[in-house]
Amino acid sequence: MKKDEESLSVNDYRFNYRQTGDELFSERHFSAPNPIVARQMFDLACKKDDLVGDEVNMAVWNRWANRWEEVSTEELSDTD
-15 MKKDEESLSV
-5 NDYRFNYRQT
5 GDELFSERHF
15 SAPNPIVARQ
25 MFDLACKKDD
35 LVGDEVNMAV
45 WNRWANRWEE
55 VSTEELSDTD
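Residue numbers (the working numbering): -15 to 64.
And the structure:
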């Protein structure tokens, strides 16, 4: 795959989070080229809406397996 085509690939990311003092989890979805950009988008949306999350779980949609796959914190620290 060419470098231009790689930069155009986008994945769907799901964030399950619980707001401080709340018992229920909420969910937000973002489309981004990698998990780092998706996390930045989530953080910006939380800042904009004055949301503070106690627990945040992130998953990426695997369209070939038709399931959500958890994203590890190690994947977020990669800066490729």
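Note that CB positions come from ideal geometry on N, CA and C, so glycine has one too.
Have a look at the options and flag the residue whose alpha-carbon is nearest the alpha-carbon of residue i.
i, options, result
"G5", "E53, V55, V36 and E54", "V36"
"F9", "A16, N41 and I20", "N41"
Could you pull out every residue in the same chain whose Cβ sits closer than 7 angstroms to the Cβ of residue i, ignoring the five residues on either side in sequence?
i, result
"E53", "A43, V44 and N46"
"F14", "Y(-3), A22, M25 and F26"
When DSSP builds the beta bridges, which residues end up paired with residue i?
i, result
"A49", "Beta-bridge pairing links A49 to no other residue."
"S15", "D(-4)"
"E39", "R2"
DSSP three-state call for residue i: helix, strand or coil?
i, result
"D34", "coil"
"E58", "helix"
"V44", "strand"
Whose C-beta lies closer than 6 angstroms to the C-beta of residue i among residues of the same chain, with five residues either side of it excluded?
i, result
"S(-7)", "none"
"D38", "R2 and T4"
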